[in-house]
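The sequence shown begins at 1124 in the working numbering and counts up one residue at a time.
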Amino acid sequence: MATVLPRSTVPSAAELVLQTLARSGAEGAMHEFWLFAGEPRRRATERELAAAGWHVRLHSAFKPLVSELLERRAEVERFGIPTAFTVAYPTHPAAAANRFRLEAYPLSRLVERWWPGASLTFARGPLPSAASHVPPSGAAHSPAATSELRYTVRIVRPGGEGALDVFAPNRVVRMLDREALTPCGWWRVTLPDGTVARSEPWETDYERLYRLVLEAVVAQPWSGRGPHFDQLRIEVEHDGIELRLPVGHDRLDTAEALHEELYFSLLERFTRLADLPDGDRRLQPGQIVPLVRNVIGGKNTVSVATVRVSAREKPSAPSPPGRTGGSVRAAAGAGRRGVAADRPGRALGPEELARLREAPTEPDVLATVLDLPGERLSERTARGRMVHGVWRPGTRPAVILNGGQHANETSGVVGALRAARELIADPDAGVGVVALENPDGYALHAELCARVHAEHMHHAARYSALGDDLEHRSDEAPFESAVRRRLMAKSGAGLLVNLHGYPAHEWVRPLTGYLPHKFEWWAVPQGFILIARYQPGFGELAERLLRVVAREVQEAVPALVAFNTEQLAAYAAHAGKLLFPLEGGVPLVLSEVKRPGPAVQVITEYPDETVHGREFVLAHEVQYRAAVAAAREWWETAVEWL
C-alpha cells in the first residue's frame, strides 16, 4: 500500500478562529465567522471566546437560510405564529438562476411542518425594506456590505410584519474548465462605530481538508487513462454538521457532502488527466473511496480534523469468466449491515423478497438469481466477483430486466428479482435478468453503510471497481458488462427495463458550486420517475409504454401517489417549476437515441439512496410493479411494432 498523504492534522474551526483573532489586533470589535460546523460547537466556541474577552458570533456557511431558521425558530414565533413568508433570494452570473432558491430546500416542507397553513413565496431579491422584529443575521449596513449575497425573508404574523436578513457567504472559484459560485467560510469585522473594517472569504477547516486531499492526489505522477490504482481510500474526520430534519428523509450533513465533493472532484481531475470530455463515464482511474465521518465535539472539547489518503496497487488480472459451483459465497467485504460476508447465499422466495426492509446480501442475490430456471450466463468483475444472468426463452417478445448497474441504488436489485420470479412463472414469457450487475460497487456500498453512515447516498459505490459506468464500458475488456450484452444478443430483446435510483434527500457539492455538476437535475428529490430512451421510429410506442406503466404502478401502490405528490410539490417550490409532463403524479422523460441498443429502454428512478425499513419496502414494491407492468404491456403491444 503506497501512501499518498500521511496522516495529517488540520486545526479545528475553533483553533482557526482563535488564531485569526490573535492576529487581527481588533479588540473591542465584533467578529463574525461563517463555518461548516454545527450549532452546538459554534455556541460552545462563542462562550469560550467570550470568556477570553472577544466579541464573536459564529454562523453556518452550510445552507445559511435553513440553518438560520432552524436556530432562530423561537425568535420568529415570538410575536405570533407566522401566516406567510416571502423569501427574496440572490442571484449571480456564475450560478444557476435558481441556485439559492434550491439551496433553501427543504424550507417549503419545514414551513408546512412548523406552521401549517402558512404560505411560502419565493422571489428574486431584494425585497422592499420592512421593519424587523428579528435582528438580522450578520447584517451590516455600510457600503462595504451592499454587494454581498443575502436572503431577505418577510414574515407576516398576527403581531405585524417582520423581516429576517441572512448573509450567504460565497466566492467564485475556478475549477478546471469552469467557474462556479460556491459557499465558503467568511470573516467580517465590525468596529464599535458600525464601520465594517473587514469582510472577506476565510478558509475553514472543512475547506482546508478538501484542499489538502486534492493537492496530494494531483501531485502524484499518474498519467494517461489508468487504472492508476486498485483503490484510493481517503479517510477524513471532521467536527461538522449532522442533523436529521423533521421532514422526509432530509438532513444537513457535511460529512456526506464532503464525500460527494471528494469523489466527484477527483473524477473530474482524472478525466482531465485521461484527456476525456467532462463527465465521460468511460473513465477508469480505479475505485475512489472517501470515508468521511462527522466527529461531533462535546462541551469544552477541541475536535481535530484529520485526513489520510492511501492507494493500493493497480488491479491484478481477474480470473477467466466462469460459473460458480453449488453454494454461493461473496468476495471479502460484501456483507451488509453486519451480516458476515463469507456465509453461503440462500435463494429468497417471493414472500421473503417482498418483505425485505434492507438491501439483501450479495450471496443471497446470487443464490436467488441462480435459483431461477433458464440458461445461465456468467462473467467475473475486475475484482473477481461473479455476475450471473439468466435467460429463459418463450414465445412472447423478449424482455431483459437489469438491476444494480449503479450499486448504491439498491431497491432496483430487489425489484428485478421480484419481477423475474413472477414473469418467469409464465411459461410463454421470454425473460432475461441481471439482478446485480455491479457487485464490486455493491460490496463497497455495504461497507460504507456499515462503517460510515447507513443513510448517506455513497456515490463512491455508484460505478465499478475500475471507476467507470458499466453501460459505457468498451468491448475491449468488458468483464461484468458482458453479461447484459450477451443476454441482449442471445434474446434479441426489444425492451430493456433498467431499474435505477437516486438520492432520497438533497444532493449537494458545497465547495464546487453547491449543485452537483452534471447532475443538477437530481439535486432535489422528485419522487418516482419513468424515463424511456428509444430508437428512431419507436417514440410513440415508448410514450404509450411509459403512460401505461405509470398508471398501473399508481393503481397498484396507492402510497406512491401521496409520496410523489409531496415530493413534487417541494421540488416545484424550490426549483421553480416541473420540467417534464406527468402521468397522474409520475414524471415522464422521453428521448430518442441513435446508438446500438434495444428498441426501447425503460429506466425507473426511485429516490432510494439510502433508505431502510418501510421506505425500502415501498421503493422495491414500486420497482417490482413497474418492471412487471412494462413487460406485460410490451407483450401486448410490441408485436405491432417489431
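Think of the CB as a built atom: it goes at the ideal place given N, C-alpha and C, for glycine as much as any other residue.
Would you identify the three-state DSSP class for residue i, choosing helix, strand or coil?
i: Phe1651; result: coil
i: Tyr1228; result: coil
i: Leu1493; result: helix
i: Gly1555; result: strand
i: Ile1547; result: helix
i: Ser1183; result: strand
i: Ala1749; result: helix
i: Gly1526; result: strand
i: Asp1487; result: helix
i: Ser1270; result: Per-residue confidence for Ser1270 stands at a pLDDT of 47, beneath the threshold of 50, marking its modelled position as unreliable; the derived number appears in the next sentence. Here Ser1270 sits in coil by DSSP.
i: Pro1129; result: strand
i: Val1336; result: helix
i: Leu1406; result: coil
i: Ala1542; result: helix
i: Arg1632; result: strand
Alpha carbon to alpha carbon, how far is residue j from residue i? Give it in angstroms, no decimals.
i: Val1716; j: Leu1406; result: 22 Å
i: Ala1184; j: Gly1363; result: 11 Å
i: Arg1478; j: Val1537; result: 10 Å
i: Val1684; j: Glu1629; result: 21 Å
i: Phe1387; j: Glu1759; result: 43 Å
i: Val1210; j: Ala1291; result: 13 Å
i: Leu1335; j: Ala1175; result: 31 Å
i: Thr1504; j: Ala1569; result: 17 Å
i: Ser1346; j: Asp1353; result: 15 Å
i: Val1279; j: Arg1367; result: 28 Å
i: Lys1700; j: Tyr1694; result: 8 Å
i: Trp1645; j: Arg1585; result: 15 Å
i: Arg1841; j: Val1133; result: Outside the displayed range of the chain (1124 to 1765) lies residue 1841, so it cannot be described from this structure.
i: Ala1125; j: Ala1197; result: 52 Å
i: Leu1337; j: Ala1530; result: 25 Å
i: Glu1498; j: Gly1624; result: 28 Å
i: Ser1255; j: Val1234; result: Per-residue confidence for Ser1255 stands at a pLDDT of 34, beneath the threshold of 50, marking its modelled position as unreliable; no derived number is given.
i: Glu1169; j: Val1712; result: 50 Å
i: Glu1302; j: Asn1687; result: 34 Å
i: Asp1494; j: Arg1718; result: 34 Å
i: Arg1273; j: Asp1328; result: 23 Å
i: Glu1194; j: Arg1180; result: 13 Å
i: Ser1714; j: Glu1358; result: 40 Å
i: His1182; j: Ser1147; result: 19 Å
i: Asn1525; j: Gln1410; result: 22 Å
Report the residue from the options whose alpha carbon sits nearest the alpha carbon of residue i.
i: Glu1191; options: Leu1287, Arg1277 and Thr1244; result: Leu1287
i: Ala1752; options: Pro1719, Ala1696, Ala1693 and Val1676; result: Val1676
i: Gly1248; options: Pro1205, Phe1223, Asp1300 and Arg1506; result: Phe1223
i: Val1312; options: Pro1719, Tyr1625, Met1153 and Ala1612; result: Met1153
i: Thr1491; options: Arg1469, Gly1512 and Glu1475; result: Arg1469
i: Arg1519; options: Leu1546, Glu1323, Arg1656 and Glu1358; result: Leu1546
i: Val1745; options: Glu1728, Glu1155, Trp1325 and Glu1732; result: Glu1728
i: Ala1306; options: Asp1401, Gly1349, Thr1206 and Leu1381; result: The sequence shown places Pro at residue 1306, rather than the Ala named in the question. If we check each option's Cα against that of Pro1306, Leu1381 comes out closest.
i: Val1734; options: Pro1648, Glu1689, Ala1693 and Tyr1694; result: Pro1648
i: Pro1710; options: Asp1487, His1697, Ala1655 and Gly1527; result: Ala1655
i: Arg1544; options: Leu1225, Gln1724, Trp1177 and Pro1496; result: Pro1496
i: Arg1164; options: Phe1686, Ala1149, Leu1188 and Val1418; result: Val1418
i: Ala1320; options: Gly1660, Gly1151 and Leu1141; result: Gly1151
i: Glu1171; options: Ala1600, Gly1535 and Ala1137; result: Ala1137
i: Trp1238; options: Arg1297, Leu1141, Pro1369 and Leu1399; result: Pro1369
i: Gly1282; options: Leu1139, Phe1202 and Leu1589; result: Phe1202
i: Trp1757; options: Val1725, Glu1732, Leu1741 and Arg1737; result: Val1725
i: Asp1401; options: Glu1599, Asp1300 and Asp1328; result: Asp1300
i: Tyr1565; options: Ala1482, Glu1271 and Glu1689; result: Ala1482
i: Ala1577; options: Ala1219, Phe1156 and His1372; result: His1372
i: Phe1703; options: Arg1596, Phe1651 and Leu1389; result: Phe1651
DSSP puts residue i in a beta bridge; with which residues?
i: Pro1413; result: Ile1357
i: Ser1501; result: His1511
i: Gln1724; result: Leu1619 and Arg1656
i: Arg1625; result: Per the sequence shown, the amino acid found at residue 1625 is Tyr instead of Arg. Pro1730.
i: Gly1285; result: Ile1278
i: His1178; result: Met1153
i: Val1295; result: Leu1304
i: Asp1376; result: Glu1365
i: Tyr1212; result: Arg1247
i: Glu1715; result: Tyr1657
i: Glu1162; result: The partner list for Glu1162 (beta bridge, DSSP) is empty, contrary to what the question assumes.
Against chain C, does residue i count as a neighbour if the rule is that its beta carbon must be under 8 Å from one of theirs?
i: Phe1651; result: In the displayed structure, chain C is absent; only one protein chain is listed.
Original post:
Should the segment 1359–1376 be regarded as contacting the segment 1390–1410, the criterion being three or more beta carbon pairs within less than 8 Å?
Top reply: Not touching, per the Cβ criterion.
**OP:** Indicate whether the contact test is met: 3 or more Cβ pairs, each with one atom in the segment 1662–1673 and one in the segment 1206–1222, closer than 8 Å.
**Re:** In this structure the segment 1662–1673 does not touch the segment 1206–1222; the number of beta carbon pairs closer than 8 Å is below three.
Subject >> Sufficient close CB pairs (3 or more, under 8 Å) joining the segment 1569–1589 to the segment 1535–1555 >> reply: Taking a contact to require three or more Cβ pairs closer than 8 Å, the segment 1569–1589 and the segment 1535–1555 do not qualify as touching.
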